[in-house]
Amino acid sequence: HYKEAKEIFEQAETSTRENMGSSSNSIVLDKELAQKHIELGNLYHRIQRFDAAAHEYMKATRLDPKNINARINLAKTLAQRGQTKLAHKELENIIAENPYNIPARIHLAMLLYATGNTVDARMELSQALLYDPPNKHVKMYLAMTEQATESILAHDPNEINGSTARESRADI
Numbered sequence: 004h005y006k007e008a009k010e011i012f013e014q015a016e017t018s019t020r021e022n023m024g025s026s027s028n029s030i031v032l033d034k035e036l037a038q039k040h041i042e043l044g045n046l047y048h049r050i051q052r053f054d055a056a057a058h059e060y061m062k063a064t065r066l067d068p069k070n071i072n073a074r075i076n077l078a079k080t081l082a083q084r085g086q087t088k089l090a091h092k093e094l095e096n097i098i099a100e101n102p103y104n105i106p107a108r109i110h111l112a113m114l115l116y117a118t119g120n121t122v123d124a125r126m127e128l129s130q131a132l133l134y135d136p137p138n139k140h141v142k143m144y145l146a147m148t149e150q151a152t153e154s155i156l157a158h159d160p161n162e163i164n165g166s167t168a169r170e171s172r173a174d175i
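In this note's numbering, the protein residues as written are 4 to 175.
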């Protein structure tokens, strides 16, 4: 894996030297470099070096802030590092910029589901289904969250997202 990462870096470095010059080349170069950082981040992610992967995804998002794949990969990696609040914020930002971004909605729903917030996960997936009705992934995850919610309610009808209804009302 190190050899692959080294080759990616060397290709990006060579490309940088060749493309230095005009501002339009600079924009293209930034996108190309961002793509190389994503590839390197993916390699690190595959070998479960999440800190290094997150670092590469952050570099990619700095070079190309509109690259949604880099931002989603960053959010997923942050979640795997235990930084769920940062991951949640990144996914929320993507959705705020483009409410029709189904992959971001799916990842946010899965993050909510993984942290025990099945109600909000279902709401996110329901919204995604409104925007993309034939999406099989959304339907599958929605069914999974509905089944989990039914299971939770069958076990304890007062249970809502990990706390009882009584506890939730006390916060009001």
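Just so it is clear, CB atoms sit at the ideal spot from N, CA and C, and this is done for glycine as well.
C-beta contact flag for residue i and residue j at 8 Å
i, j, result
"A57", "R84", "yes"
"I97", "R74", "yes"
"T87", "T121", "no"
"L94", "A78", "yes"
Member of the options whose CA lies at the smallest distance from the CA of residue i
i, options, result
"K92", "L115, H48, Q130", "L115"
"Q38", "A131, N104, I71", "I71"
"D123", "L145, N104, N76, Q86", "L145"
"Y103", "N138, S154, H48", "N138"
C-alpha gap between residue i and residue j, whole angstroms
i, j, result
"L81", "P68", "17 Å"
"A63", "E35", "9 Å"
"A55", "H40", "11 Å"
"M113", "L32", "34 Å"
"E170", "L132", "For E170, the predicted structure reports a pLDDT of 37, less than 50, and the residue's modelled location is therefore unreliable. A value from the coordinates is still provided. About 31 Å."
"L46", "I109", "23 Å"
"H158", "A151", "11 Å"
"I105", "Y134", "8 Å"
"S129", "L111", "12 Å"
"M143", "L156", "20 Å"
Backbone secondary structure at residue i - three-state DSSP
i, result
"R125", "helix"
"K69", "coil"
"D33", "helix"
"D135", "coil"
"L77", "helix"
"N45", "helix"
Alpha helix (DSSP H) segment containing residue i, residue limits
i, result
"P106", "105-117"
"N96", "87-100"
Check: residue i C-beta below 7 Å from any heavy atom of the ligand GTP
i, result
"S129", "With respect to the ligand GTP, the structure offers nothing, as it holds no ligand at all."
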